[in-house]
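Undergrad: Mind looking over this structure? Questions follow.
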Amino acid sequence: MSSLAKVPVGVLVKLGVVAVAGLAVGVLLLRGVDVRGLVTQGFDLIRSAGPWVFFASMAVLPAVGVPMSPFFLLAGPAFGAQMTLLGVAAAGAAALLVNFALSYWLAHRALRPAVEWVLSHTRFRVPQVKPENEFAVAVLMRVTPGPPLFLQSYILGLSGVRFRTYMVVSMAVQTAFFVGVTIFGKALMEGRGGLAVMGMMVLVAAGALVQVLRRRFTKPNGSQT
2 MSSLAKVPVG
12 VLVKLGVVAV
22 AGLAVGVLLL
32 RGVDVRGLVT
42 QGFDLIRSAG
52 PWVFFASMAV
62 LPAVGVPMSP
72 FFLLAGPAFG
82 AQMTLLGVAA
92 AGAAALLVNF
102 ALSYWLAHRA
112 LRPAVEWVLS
122 HTRFRVPQVK
132 PENEFAVAVL
142 MRVTPGPPLF
152 LQSYILGLSG
162 VRFRTYMVVS
172 MAVQTAFFVG
182 VTIFGKALME
192 GRGGLAVMGM
202 MVLVAAGALV
212 QVLRRRFTKP
222 NGSQT
């Protein structure tokens, strides 16, 4: 099997989106479009809506399928000067907390009866995670690249992972990435190399922890059912 075939589909899709976006920016630059001006106008529009609208949208919209990554990328550059990085990190963590709780409720309460009814007409059933395996399953779901964030939440909610375990793992993993992206994004927008290095170090540390957790919980003697 080729190495390309081993790459998760979700990762390939994200790389494709980045490539298309980069190509679009390149075309605009070649045609003389003021891309920097457009970006500035976009940030001005976000700032004019205010942090309450931004972080409320971050809390609710990704629970119904809107990608979370744009919120991660925009939060620091848009509101870092107004709220400070610590304030942005706190607001982002609060938004993530609400988002994960809402996603869990949608999966565990609102969607579960419908999913079970549909599966009752087939030979399939909603898989249930054993209590002794739920922490490992939650960690693997959150650190495995590919599935969108809302789909990860739905799968964990439907599988019976307890709310406390679900929230602890979800918040620990995603808050670390949010803080790193927030610092890095704001530093790039302001041209602050030292701060950018700090943000990159947070992301590298989070990525290293993810790899350790993946290896830890995918060992043959720790297989999950």
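Numbers given in this note's numbering equal positions in the sequence shown, counted from 1, plus 1. Just so you know, even glycine gets a beta-carbon here, dropped at the ideal spot from N, CA and C. Everything numeric in this text was worked out from a predicted model, so none of it was measured.
1. Using the three-state DSSP reduction, which class does residue 77 fall into: helix, strand or coil?
2. Around the C-beta of residue 183, are 16 or more other C-beta atoms found within 10 angstroms, so that it is buried, or is it exposed?
3. Go ahead and pull the three-state DSSP assignment for residue 51.
4. Given 8 angstroms as the limit, is there contact between the stretch 80–89 and the stretch 141–154, that is, 3 or more CB pairs closer than that?
5. Let me make sure I understand the geometry here. Which of 66, 161, 78 and 104 has the alpha-carbon closest to that of residue 133?
6. Residue 173 to residue 119, Cα distance in whole Å?
7. Within 8 angstroms of any Cβ in chain D, is that where the Cβ of residue 70 sits?
8. The alpha helix (DSSP H) spanning residue 111 covers which residue range?
9. Report buried or exposed for residue 96, applying the criterion of at least 16 other Cβ atoms within 10 angstroms of its Cβ.
10. Out of 149, 66, 58 and 64, state which residue places its alpha-carbon closest to the alpha-carbon of residue 75.
11. Using the three-state DSSP reduction, which class does residue 68 fall into: helix, strand or coil?
12. Take every Cβ of the stretch 90–109, pair it with every Cβ of the stretch 163–179, and state whether three or more of those distances are shorter than 8 angstroms.
13. Can you tell me whether DSSP reads residue 154 as helix, strand or coil?
14. Can you tell me the Cβ-Cβ gap for residue 68 and residue 149, rounded? I've got them flagged as a contact below 8 angstroms.
15. Can you tell me whether DSSP reads residue 88 as helix, strand or coil?
16. Does the Cβ-Cβ distance between residue 130 and residue 138 come in under 8 angstroms?
17. Measure how close the beta-carbons of residue 79 and residue 56 come, nearest whole angstrom, since I'm counting them as under 8 angstroms.
18. For a test of the three-state rule: what should DSSP assign to residue 176, helix, strand or coil?
TA: A quick look at the data gives this:
1. Residue 77: helix per DSSP, three-state reduction.
2. So residue 183 counts as buried.
3. Coil.
4. Three or more beta-carbon pairs separated by less than 8 angstroms are not found between the stretch 80–89 and the stretch 141–154, which leaves the two stretches without contact.
5. Of the listed residues, the one whose Cα sits closest to residue 133 is 161.
6. Residue 173 and residue 119: Cα-Cα distance of roughly 34 angstroms.
7. No chain D appears in the structure shown, which is made up of a single protein chain.
8. In the DSSP assignment, residue 111 falls outside any alpha helix (DSSP H) and carries neither an H nor an E.
9. In summary, residue 96 is buried, with 16 or more beta-carbon neighbours lying within 10 Å of its beta-carbon over all protein chains present.
10. Ranking 149, 66, 58 and 64 by Cα distance to residue 75 puts 58 first.
11. Residue 68 falls in the coil class under three-state DSSP.
12. Contact between the stretch 90–109 and the stretch 163–179 is present: 3 or more CB-CB pairs across the two stretches fall below 8 angstroms.
13. In the three-state reduction of the DSSP assignment, residue 154 falls in the helix class.
14. The pair is a contact, with the Cβ atoms about 7 angstroms apart (cut-off 8 angstroms).
15. Residue state, collapsed to three classes: helix.
16. Less than 8 angstroms divides the Cβ of residue 130 from the Cβ of residue 138.
17. The beta carbons of residue 79 and residue 56 sit about 11 angstroms from each other, so the pair does not count as a contact at 8 angstroms.
18. Here residue 176 sits in helix by DSSP.
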